[in-house]
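Asker: Chain order of the listed sequences is A and B.
Going by numbering that gives the first Met the number 0, the residue at position 68 of the first sequence is 67; the numbering climbs one at a time, nothing skipped.
Going by numbering that gives the first Met the number 0, the residue at position 25 of the second sequence is 24; the numbering climbs one at a time, nothing skipped.
Glycine residues also receive a C-beta, built at the ideal position from the N, C-alpha and C atoms.
One structure coming up, written as structure tokens, with questions to follow.
Protein chains: 2
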Amino acid sequence: MVTGLRRERCVACERGAPTLTAEELADLRPQIPDWQVVEVDGVPRLTRTYTVRNFAEALALTNRIGELAEAEGHHPSILTEWGRVTVSWWTHKIRGLHRNDVVMAAKTDAVAESGH
Amino acid sequence: MVTGLRRERCVACERGAPTLTAEELADLRPQIPDWQVVEVDGVPRLTRTYTVRNFAEALALTNRIGELAEAEGHHPSILTEWGRVTVSWWTHKIRGLHRNDVVMAAKTDAVAESGH
Numbered sequence: 000m001v002t003g004l005r006r007e008r009c010v011a012c013e014r015g016a017p018t019l020t021a022e023e024l025a026d027l028r029p030q031i032p033d034w035q036v037v038e039v040d041g042v043p044r045l046t047r048t049y050t051v052r053n054f055a056e057a058l059a060l061t062n063r064i065g066e067l068a069e070a071e072g073h074h075p076s077i078l079t080e081w082g083r084v085t086v087s088w089w090t091h092k093i094r095g096l097h098r099n100d101v102v103m104a105a106k107t108d109a110v111a112e113s114g115h
Numbered sequence: 000m001v002t003g004l005r006r007e008r009c010v011a012c013e014r015g016a017p018t019l020t021a022e023e024l025a026d027l028r029p030q031i032p033d034w035q036v037v038e039v040d041g042v043p044r045l046t047r048t049y050t051v052r053n054f055a056e057a058l059a060l061t062n063r064i065g066e067l068a069e070a071e072g073h074h075p076s077i078l079t080e081w082g083r084v085t086v087s088w089w090t091h092k093i094r095g096l097h098r099n100d101v102v103m104a105a106k107t108d109a110v111a112e113s114g115h
């Protein structure tokens, strides 16, 4: 399923840009149904864990997500472990979630699907 | 500085193998002075954060550590972020620290140094 978000690009995000409102986030989440909102140090992040077969596959997925991040100029944290990869997106500059983060979550799903 | 631990190889580790005693760990830690022992879900891990210049360097270091892990058949968790990489070693099978983990921490330091 190709969703609209996956086709968007990250926009430049300045300090002071507005975080997503609860309503905006609620509208977008059906497009990224497998992502959770987790708060770390008071900052919400979008987080998803992908299950893979071993460590080599986890590292390969980490690299594909890393390439995506470099291409878009927006960077997640990626936890690589044997058999799984956990990705978290948030916007450091605004200490919260920007539309970019939802776009990147959708694009991450596309990247993860393309590897299978 | 090349330390003795860096020259060791991981040994096969079976369920039921002994965890390091506090004394054994204390004897080895001077060889990995920058590693902390952090407990997660009741299981101690050896953890260190390496600072690098950007996301691309973090991903490159993650890959070098991943190659080391595959070569030794022992796998850490690696958190890749913009400008830093956090590595954690522990032995899942024994829910604790094995000498292998200290060996791998020392080897990780060697890998990280070789990239600069």
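Please classify B:V42: does DSSP put it in a helix, a strand, or coil?
Answerer: Mapped onto the second sequence, residue 42 of chain B falls at position 43. In the structure shown, B:V42 sits in a strand (DSSP, three-state: E or B).
Asker: Measure the alpha-carbon distance for B:A111 versus B:T85 and round it to whole angstroms.
Answerer: The residue you call residue 111 of chain B lines up with position 112 of the second sequence. The residue you call residue 85 of chain B lines up with position 86 of the second sequence. Rounded to whole angstroms, B:A111 to B:T85 spans 12 Å at the Cα level.
Asker: Quick check on DSSP: helix, strand or coil for A:E22?
Answerer: Residue mapping note: residue 22 of chain A aligns to position 23 of the first sequence, counting from 1. Correct three-state label for A:E22: helix.
Asker: How about the segment 39-59 of chain A and the segment 5-14 of chain B: do they share at least three Cβ pairs that are nearer than 8 Å?
Answerer: The way I'd put it, the segment 39-59 of chain A doesn't touch the segment 5-14 of chain B; fewer than three beta-carbon pairs between them come closer than 8 Å.
Asker: What residues of chain D sit near B:W81, judged by a beta carbon separation below 7 Å?
Answerer: Absent from the structure: chain D. Protein chains present are A and B.
Asker: What number of angstroms, rounded off, separates the C-alpha of A:R47 from the C-alpha of A:Q35?
Answerer: Counted from its first residue, the first sequence places residue 47 of chain A at position 48. Counted from its first residue, the first sequence places residue 35 of chain A at position 36. Those two C-alpha atoms are separated by around 6 Å.
Asker: Taking its Cβ as the centre, do 16 or more other Cβ atoms sit within 10 Å of B:D26, making it buried, or is it exposed?
Answerer: Looking up residue 26 of chain B in the second sequence gives position 27. So B:D26 counts as exposed.
Asker: With C-beta atoms as the reference, is B:I77 less than 8 Å away from B:A16?
Answerer: For the purposes of this step, residue 77 of chain B is taken as the residue at position 78 of the second sequence. For the purposes of this step, residue 16 of chain B is taken as the residue at position 17 of the second sequence. No.
Asker: For the alpha helix (DSSP H) that B:L58 lies in, which residues bound it at each end?
Answerer: Here residue 58 of chain B refers to the residue found at position 59 of the second sequence. Where B:L58 is concerned, the enclosing alpha helix (DSSP H) stretches over 54-71.
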